[in-house]
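J.: Below is one structure. I have some questions about it.
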């Protein structure tokens, strides 16, 4: 019971953190793709160095309809060496003129304003996939304790019922012959021994079932992860291959990293040319869905431009209704694999089938043994 409660508590706290991180990441990606720039200056901070106290960041921002001073809640600023309890000039890099993103349709929504530095950090560097993977691991580990906890509760209830049954069976004799109370003790001990014997006989089977259920939960978690990553990407690429709109992309920014001893590219940001509401062509920054590609081993990890096949201008497919569904034409054949959709679904269904079999199997066996 203790492990189950701890698992539920930690999973709940981590889920809250994942939801907050996902919201920040989504907002940063939205601003990166559809936000407008605005200049900001005269930034000030009010630092409260106490537990539960909120610090305040405000700045004057030049919007198209004029300048106004607003409080910004999503600015990550350095609190070291900042005086407390009074308004002071914001620390670098916000002590001069800086640039912020805002939603052009909601310029007064101050909670949706982020600095360029914060947006680029969330878009380029903060990959929250690992947070959700950790949450999935916590859920699987917590779920593994559900069956043992329920079984322990059922066994405790059986012992209580056995004691009550033994006491009820000899209650009349106790009322007439008070010296025969020892018979009740013997009956209780005998009933508890029967339950203990039956429990020991089932222990090996129950432990094996617990291991199988844990394996099913792990398989289900892996299936969910694969469906959310590989299968989703393959489904989007297949959709774009058949019905995506063709356009050109440029100014690609590619991240290179070392994986399994090889230098690979796995993140690409670029600007694509799309029509606006008035029919004019405009450049929109987007993050592309890309496969992991091996690149020149002589390069160091970091951000690069003009890495093939994303050098200069290149063709991409996009969905006008989903701004984050963009795939380079050269990557469609690498991503649109039916097997990348079928395999994760089979893994997920296999894990679910194992879990259902472990849970439902004993119920059906007990129902067949029940007298009719």
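In our numbering, the protein residues as written are 26 to 397.
Heads up, the beta-carbon is just placed ideally off N, CA and C, and yes, glycines get one too.
1) Quick one: Cα of residue 44 to Cα of residue 146, how far?
2) I believe residue 377 touches residue 245 by the beta-carbon criterion, under 8 Å. Please report the beta-carbon distance rounded to the nearest angstrom.
3) Which one or two residues does DSSP pair with residue 340 in a beta bridge?
4) What's the call for residue 99, buried or exposed, on a 16-neighbour Cβ count within 10 Å?
5) Between residue 364 and chain B, is there a C-beta pair that is closer than 7 Å?
6) How long is the line joining the alpha carbons of residue 171 and residue 29, rounded to whole angstroms?
7) Any chance the stretch 246–254 sits against the stretch 354–371, with 3 or more Cβ pairs inside 8 Å?
8) Hey, residue 46 and residue 126: beta-carbon distance below 7 Å or not?
9) So residue 235 and residue 173 are in contact, right, with Cβ under 8 Å, and what is the actual spacing, rounded?
10) Any chance you could list the beta strand (DSSP E) runs of at least 3 consecutive residues sitting entirely within the stretch 91–115, in chain order?
11) Could you pull out every residue in the same chain whose Cβ sits closer than 6 Å to the Cβ of residue 239, ignoring the five residues on either side in sequence?
12) Helix, strand or coil for residue 231? Go by DSSP, reduced to three states.
13) What does DSSP give as the partner residue(s) for residue 424 in the beta ladder?
14) Looking at the unbroken alpha helix (DSSP H) that takes in residue 264, where does it start and where does it end?
15) Would you mind sorting residue 365 into buried or exposed? The rule is 16 or more other CB atoms within 10 Å of its CB.
16) Count the other C-beta atoms from every protein chain shown that fall within 10 angstroms of the C-beta of residue 328, then say buried if there are 16 or more, exposed otherwise.
17) Comparing alpha-carbon positions, which option in 27, 247, 310 lies nearest residue 158?
18) Just mark residue 31 as buried or exposed, buried being the case when its beta carbon has 16 or more other beta carbons within 10 Å.
19) Should residue 71 and residue 112 be called a contact, given that it needs their Cβ atoms to be closer than 7 Å?
20) Distance, Cα to Cα, residue 121 vs residue 152?
21) With DSSP collapsed to three states, give me the class of residue 170.
22) Which first and last residues belong to the alpha helix (DSSP H) in which residue 357 is found?
23) On the DSSP letters alone, give me the boundaries of the beta strand (DSSP E) that residue 351 sits inside.
24) So, residue 297 versus residue 341, is the Cβ gap smaller than 7 Å?
25) Run the CB neighbour count on residue 54, radius 10 Å, all protein chains shown included, and call it buried at 16 or more, exposed below.
26) Cutting at 6 Å between CB atoms, please list the residues of its own chain near residue 301, excluding the five before and the five after it.
27) Going by DSSP, which residues form a beta bridge with residue 327?
28) Hey, could you find the ends of the beta strand (DSSP E) residue 144 is sitting in?
29) Could you check if residue 311 is buried or exposed, using at least 16 other CB atoms within 10 Å of its CB as the buried criterion?
30) Mind checking residue 24: buried by the 16 CB within 10 Å criterion, or exposed?
31) Over what stretch of residues does the beta strand (DSSP E) that includes residue 86 continue unbroken?
32) Which whole-angstrom value describes the C-beta separation of residue 86 and residue 92, a residue pair presumed to lie in contact below a C-beta threshold of 8 Å?
33) So what does DSSP say about residue 52, is it helix, strand or coil?
34) Run through the DSSP bridge pairs and tell me what residue 308 is partnered with.
T.: By the coordinates alone:
1) Residue mapping note: residue 44 aligns to position 19 of the chain shown, counting from 1. Residue mapping note: residue 146 aligns to position 121 of the chain shown, counting from 1. If I take the Cα positions, the gap works out to 18 Å.
2) Counted from its first residue, the chain shown places residue 377 at position 352. Counted from its first residue, the chain shown places residue 245 at position 220. About 6 Å separates the two Cβ atoms, so the contact holds.
3) Counting from one through the chain shown, the residue named residue 340 turns up at place 315. Answer is 273.
4) Residue mapping note: residue 99 aligns to position 74 of the chain shown, counting from 1. Counting Cβ neighbours within 10 Å, residue 99 comes out buried, since at least 16 surround it.
5) Among the protein chains of the structure shown there is no chain B, as only one such chain exists.
6) Locating residue 171 in the chain shown gives position 146, where the first residue counts as 1. Locating residue 29 in the chain shown gives position 4, where the first residue counts as 1. Each residue's Cα considered, the two are about 7 Å apart.
7) yes
8) As a position in the chain shown, residue 46 is number 21, starting the count at 1. As a position in the chain shown, residue 126 is number 101, starting the count at 1. No.
9) Locating residue 235 in the chain shown gives position 210, where the first residue counts as 1. Locating residue 173 in the chain shown gives position 148, where the first residue counts as 1. Residue 235 to residue 173, Cβ: 6 Å. Contact.
10) You should have 91–96, 112–114.
11) Sequence index remark: in the chain shown, residue 239 carries index 214 (1-based). Excluding sequence neighbours, residue 239 sits near 169.
12) Residue numbering aside, residue 231 sits at position 206 when the chain shown is read from its first letter. Residue state, collapsed to three classes: helix.
13) The displayed coordinates of the chain run from 26 to 397. Any statement about residue 424 would go beyond what the structure contains.
14) The count along the chain shown starts at 1 and reaches residue 264 at position 239. It spans 257–268 - the alpha helix (DSSP H) in which residue 264 sits, taken as one unbroken run.
15) Here residue 365 refers to the residue found at position 340 when the chain shown is read from its first residue. It counts as buried.
16) Residue numbering aside, residue 328 sits at position 303 when the chain shown is read from its first letter. With fewer than 16 other CB atoms across the displayed protein chains lying within 10 angstroms of its CB, residue 328 is exposed.
17) As a position in the chain shown, residue 158 is number 133, starting the count at 1. The candidate whose alpha carbon is nearest that of residue 158 is 247.
18) Stepping through the chain shown from its first residue, residue 31 is reached at position 6. That one is exposed.
19) Numbered from 1 along the chain shown, position 46 holds the residue referred to as residue 71. Numbered from 1 along the chain shown, position 87 holds the residue referred to as residue 112. Yes.
20) Looking up residue 121 in the chain shown gives position 96. Looking up residue 152 in the chain shown gives position 127. Rounded to whole angstroms, residue 121 to residue 152 spans 30 Å at the Cα level.
21) Here residue 170 is taken as the residue at index 145 of the chain shown, counted from 1. Reduced to three states, the DSSP call for residue 170 is coil.
22) On the chain shown, residue 357 is found 332 positions in, with the first residue counted as 1. 357–360 is the span of the alpha helix (DSSP H), which, as asked, contains residue 357.
23) Position 326 of the chain shown holds residue 351. Its beta strand (DSSP E) spans residues 347–353.
24) In the chain shown, counting from the first residue as 1, residue 297 sits at position 272. In the chain shown, counting from the first residue as 1, residue 341 sits at position 316. Their beta carbons are under 7 Å apart, which means residue 297 touches residue 341 by this criterion.
25) Here the question's residue 54 lines up with position 29 in the chain shown. The residue is buried, with at least 16 neighbouring Cβ atoms inside 10 Å.
26) The sequence position of residue 301 within the chain shown is 276, counting from 1. Excluding residues within five positions, the ones whose Cβ falls inside 6 Å are 307.
27) For the purposes of this step, residue 327 is identified with residue 302 of the chain shown, where counting begins at 1. Answer is 281.
28) In the chain shown, residue 144 corresponds to position 119, counting from 1. Per DSSP, residue 144 belongs to no beta strand (DSSP E); it is in the alpha helix (DSSP H), 141–145.
29) As a working mapping, residue 311 is identified with position 286 in the chain shown. Residue 311 should be labelled buried.
30) Absent from the structure is residue 24, since the part of the chain shown begins at 26 and ends at 397.
31) Residue 86 sits at position 61 when you count from the first residue of the chain shown. First-last of the beta strand (DSSP E) with residue 86: 81–88.
32) Residue numbering aside, residue 86 sits at position 61 when the chain shown is read from its first letter. Residue numbering aside, residue 92 sits at position 67 when the chain shown is read from its first letter. About 7 Å separates the two Cβ atoms, so the contact holds.
33) Locating residue 52 in the chain shown gives position 27, where the first residue counts as 1. In the structure shown, residue 52 sits in a helix (DSSP, three-state: H, G or I).
34) By one-based count along the chain shown, residue 308 stands at place 283. In DSSP, residue 308 forms a bridge with 298.
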